[in-house]
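Chemist: In this note's numbering, the protein residues as written are 284 to 576.
Where is the CB? At the ideal position from N, CA and C, for every residue including glycine.
Predicted model only: the values in this text are computed from it and were never measured.
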């Protein structure tokens, strides 16, 4: 056999072996990912049922009929936020790694190296999804321990960050982390170029619609309270109509009522510090899975 033939066979052997190892590694990663994820999803289901049995479903929450927000509940909300921010370091790290890899691919014109970068993005997806699921599981357990239902948490999140601090509902990474049943997705425009702006616009639209619907149902609960006075009855009825007329409207988008604003004013710094731009994208992402119309 000629030297050239030997070199070719040797080279092919190395190349094929490398591909085989990559395939094995990917299948092994998928196996352990699925195994761990199934356990975490089971935990979310169990803790969600626990929360719902204790506090009712999200739409059962009843905001106070005088428009105020109890200061003790804001303090509890901030304690929950602090705990979640401490426990989500790994999730933030995985999201940042993946966004860095995507930026690398976008800025790289060499096909050979971009192939490995794409594999890095796939690996990143394997790392992010279990961490998101773990985040929900931890959140449910903290909420139960702190005696706060998911409805109250979501309401305080929306009113505090979007209505009071005017945070952008589309905040988050330039990638769509979950879609429908929980798939990882990267958006691109018609030219094939990565389009982070489109991701944020779609996220903004989806979260606005959810918060709008959620708040309407909650304020309808408040109107059933016989102790509500005429001023607040009119205020809540008017806001419900405004929300119904514009499904992308956030609650009190023209300005919070004084009672509500005064409840939050003394916590402005703490609320601002507790807001996480990156993880805003996963806070209300359970909409399609947990909340049913």
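1. Check whether the stretch 509-528 touches the stretch 552-563, counting contact only when three or more Cβ pairs, one atom from each stretch, lie closer than 8 Å.
2. Excluding five sequence neighbours on each side, which residues of the same chain lie with their C-beta closer than 7 Å to the C-beta of residue 522?
3. Look up residue 434 in the DSSP assignment and say whether it is helix, strand or coil.
4. Quick one, are the C-beta atoms of residue 529 and residue 344 less than 9 Å apart?
5. CA-CA distance, residue 539 and residue 549?
6. For residue 536, which three-state DSSP category applies?
7. Residue 551 and residue 447: beta carbons closer than 9 Å?
8. At what residues does the alpha helix (DSSP H) containing residue 441 begin and finish?
9. I'd like to check one pair, residue 367 with residue 425: are the Cβ atoms closer than 9 Å?
10. For residue 543 and residue 360, I'd like the C-alpha separation in whole angstroms.
11. Where do the N-terminal and C-terminal ends of the alpha helix (DSSP H) with residue 361 fall, by residue?
12. Residue 330 and residue 437: beta carbons closer than 9 Å?
13. Restricting to Cα atoms, I'd like to know which of 435, 481, 434 is closest to residue 454.
14. Three-state secondary structure (DSSP) at residue 550?
15. Roughly how many angstroms lie between the CA atoms of residue 565 and residue 325, to the nearest whole one?
16. From residue 431 to residue 363, what does the alpha carbon distance come to, in whole angstroms?
17. Thinking C-alpha only, which one of 532, 327, 383 is nearest residue 416?
18. Looking at C-alpha atoms only, which residue of 434, 456, 485, 500 is the closest neighbour of residue 383?
19. So the alpha helix (DSSP H) residue 514 belongs to, where does it begin and stop?
20. Rounded to a whole number of angstroms, what is the C-alpha to C-alpha distance between residue 379 and residue 458?
21. Looking at the secondary structure, which residues open and close the alpha helix (DSSP H) in which residue 564 lies?
22. Counting C-beta neighbours from all protein chains within 10 Å, is the total for residue 376 16 or more, i.e. buried, or is it exposed?
23. What does the alpha-carbon distance come out to for the pair residue 485 and residue 418?
24. Please say whether residue 526 and residue 498 have beta carbons closer to each other than 9 Å?
25. Check each candidate in 433, 349, 372, 357 and name the one with the smallest Cα separation from residue 332.
26. Looking only at its chain, what residues have a beta carbon closer than 8 Å to the beta carbon of residue 334, apart from the 5 residues adjacent to it on each side?
27. Please state whether the Cβ-Cβ distance between residue 354 and residue 557 is less than 9 Å.
28. When you compare each of 435, 489, 495, 494 to residue 352 by their alpha carbons, which one comes out closest?
29. For residue 581 and residue 341, I'd like the C-alpha separation in whole angstroms.
Modeler: The answer reads as follows:
1. Output reads no: the stretch 552-563 does not touch the stretch 509-528.
2. 502, 534, 535
3. helix
4. no
5. 15 Å
6. coil
7. In contact: residue 551 and residue 447 (Cβ atoms closer than 9 Å).
8. Careful: residue 441 lies outside any alpha helix (DSSP H) and carries neither H nor E.
9. yes
10. 16 Å
11. 354-370
12. no
13. 481
14. The answer is coil: DSSP assigns residue 550 none of H, G, I, E or B.
15. Cα-Cα distance, rounded: 19 Å.
16. 9 Å
17. 327
18. Distance from the Cα of residue 383 is smallest, within the candidate group 434, 456, 485, 500, for 456.
19. 513-528
20. 11 Å
21. Residues 563-566.
22. exposed
23. About 22 Å.
24. yes
25. 433
26. 423, 426, 427, 432, 433
27. no
28. 435
29. Since the first and last residues shown for the chain are 284 and 576, residue 581 lies out of range.
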